[in-house]
Amino acid sequence: MTKGPTVQERGRARHCVEVLRAAAKDARTPGWYRGEVAGQEAIGRATEWLLRKGLLQTAVGPQPFRLTARGTTFIATQIKTWETFMPTLRRPGVLAKVFTALEAVAEEKTERKNRLPPKPAAAPKGQGKKVR
Numbered sequence: 000m001t002k003g004p005t006v007q008e009r010g011r012a013r014h015c016v017e018v019l020r021a022a023a024k025d026a027r028t029p030g031w032y033r034g035e036v037a038g039q040e041a042i043g044r045a046t047e048w049l050l051r052k053g054l055l056q057t058a059v060g061p062q063p064f065r066l067t068a069r070g071t072t073f074i075a076t077q078i079k080t081w082e083t084f085m086p087t088l089r090r091p092g093v094l095a096k097v098f099t100a101l102e103a104v105a106e107e108k109t110e111r112k113n114r115l116p117p118k119p120a121a122a123p124k125g126q127g128k129k130v131r
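The sequence shown begins at 0 in numbering that gives the first Met the number 0 and counts up one residue at a time.
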């Protein structure tokens, strides 16, 4: 039997959606993204998580974070339009779908690291250049 995301994982997905929406709309202050607003500490953790996943990047200027190409693609495929997506957020299964999609982003990144060619083997001792 497949187990769905936990309450904590669904909460993280909800906060990630809020951060992605704010970055797309340029609607929040730098302190909000860092979780410095009272009651919004989880937003700071969601921002850090999205930065590690490569969906957000830091920016210079009035907008502290912006979407990466990967983040824009994620929104285009998973959310489509904010106006139709946000009212459905409380429906059963919607946050689970977003959580699964966010977790898939991490898997792609891990797979890419595994496909890198192996590092060349070091030369056996005594066969390198001698330094005087």
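Even glycine gets a Cβ: it sits at the ideal position worked out from N, Cα and C.
Distance CB(residue i)-CB(residue j) smaller than 8 Å
i	j	result
V93	T87	yes
L19	L54	yes
I42	E17	yes
Backbone CA spacing between residue i and residue j [nearest angstrom]
i	j	result
G38	C15	16 Å
T109	A103	The pLDDT assigned to T109 is 45, lower than 50, so where the model puts this residue is not dependable; a value taken from the coordinates is nonetheless given after this. For T109 and A103, the distance between alpha carbons rounds to 10 Å.
G132	A45	Because the chain here runs from 0 to 131, residue 132 falls outside it and cannot be looked at.
R90	P29	30 Å
P4	Q62	32 Å
T72	V59	22 Å
T57	F64	4 Å
V36	E82	25 Å
D25	T80	16 Å
E107	T76	Here the model assigns E107 a pLDDT of 45, short of 50, so the residue's position is not dependable and the matter cannot be decided.
W31	K2	33 Å
G70	W48	13 Å
A21	R27	6 Å
A68	M85	22 Å
E40	G34	4 Å
I74	L66	9 Å
K96	K52	17 Å
CB-CB length for residue i against residue j, believed under 8 Å
i	j	result
A23	L101	About 15 Å separates the two Cβ atoms, so there is no contact after all.
Per DSSP, cross-strand counterpart(s) of residue i
i	result
Q56	R65
Complete alpha helix (DSSP H) runs within the region 73-110 (minimum length 4 residues, chain order): Runs of the alpha helix (DSSP H) spanning 4 or more residues and lying entirely within the region 73-110 occur at 81-84, in chain order.
4-residue-minimum alpha helix (DSSP H) runs that sit fully inside the region 8-58, ordered along the chain: Taking only runs of at least 4 residues, the alpha helix (DSSP H) segments lying wholly in the region 8-58 are 29-33, 40-52.
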